[in-house]
Amino acid sequence: MTQGEQRPNPESTQLEDAQATPAAESGAQPEASDAGAPESLAAQLADLQARLTEMQDSFLRAKAEADNTRRRAQEDIAKAHKFAVESFAESLLPVKDSLEMALKVETPSTESLKEGVEMTLKQLSAAFDKNRLLEISPQQGDKLDPMRHQAISMVPSDQEANTIVTVLQKGYMISDRLLRPALVTVSQPA
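In this text, residue positions in the sequence shown follow my numbering: the first is 7, and each later residue adds one.
1) Grab me the residues of Pro36's own chain with a C-beta within less than 6 Å of its C-beta, minus the 5 sequence neighbours each way, in chain order.
2) From the DSSP output, in three-state form, read off Leu150 for me.
3) Considering only the beta carbon of each residue, do Lys176 and Glu124 sit closer than 7 Å?
4) Tell me, which residues are paired with Leu184 by DSSP?
5) To the nearest angstrom, report how far apart Arg186 and Phe65 are at their CA atoms.
6) Mark Ala196 as exposed unless 16 or more other C-beta atoms lie within 10 angstroms of its C-beta, in which case mark it buried.
7) For the alpha helix (DSSP H) containing Gln129, list its first residue and its last residue.
8) For Gly147, tell me which candidate among Val161, Met153, Asn137 has the shortest Cα-Cα distance.
9) Run the CB neighbour count on Ala84, radius 10 Å, all protein chains shown included, and call it buried at 16 or more, exposed below.
10) For Ile158, count neighbouring C-beta atoms within 10 Å of its own C-beta (all shown protein chains included) and say buried if the count is 16 or more, exposed if not.
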């Protein structure tokens, strides 16, 4: 061996042989597989780009629909707040009409006034019922319910302690929500 020649490294020769063996064993020719790859990759790329475009379109449509739904819901809430008392106001109009008509009578009798007031009270009660405005009117001897009654004072009584003696003012609820508690006096403990 001369000085410029190198000895073949047995490990690198085995490595080159091992790398060449699978290709030779499979019978695959690198040039033939590379020729079809660009067409196959181009088709896959086109398919993926079409799917991406379709998904982007679907996403934008879903986002627009969600935005529209949110906007409509906000408008509905604003309308509900703005016109929340509309139904109640409509049911009170006949009550106002009756009161105005009663004032137009020049020489009312006591009996006609009483009859007019009773009819107006019926109209008002019907308006309350229609709009689920419920009256809280506890009876004497009922237990004090701090969620529905407000005790103004405690008075000596023969009743059991903390029971209602008198109702000074009725209370009201709208559905299940307390609007105004009933004002009551209660019996004091003995």
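C-beta: ideal position from N, C-alpha, C; glycine also.
Owing to the predicted nature of the structure, the values given are computational and were not obtained by experimental measurement.
On the basis of the supplied data:
1) The predicted model places Pro36 with a pLDDT of 45, which falls under 50 and marks its position as unreliable, so this point remains unresolved.
2) coil
3) no
4) Met179
5) 51 Å
6) exposed
7) 116-136
8) Val161
9) exposed
10) exposed
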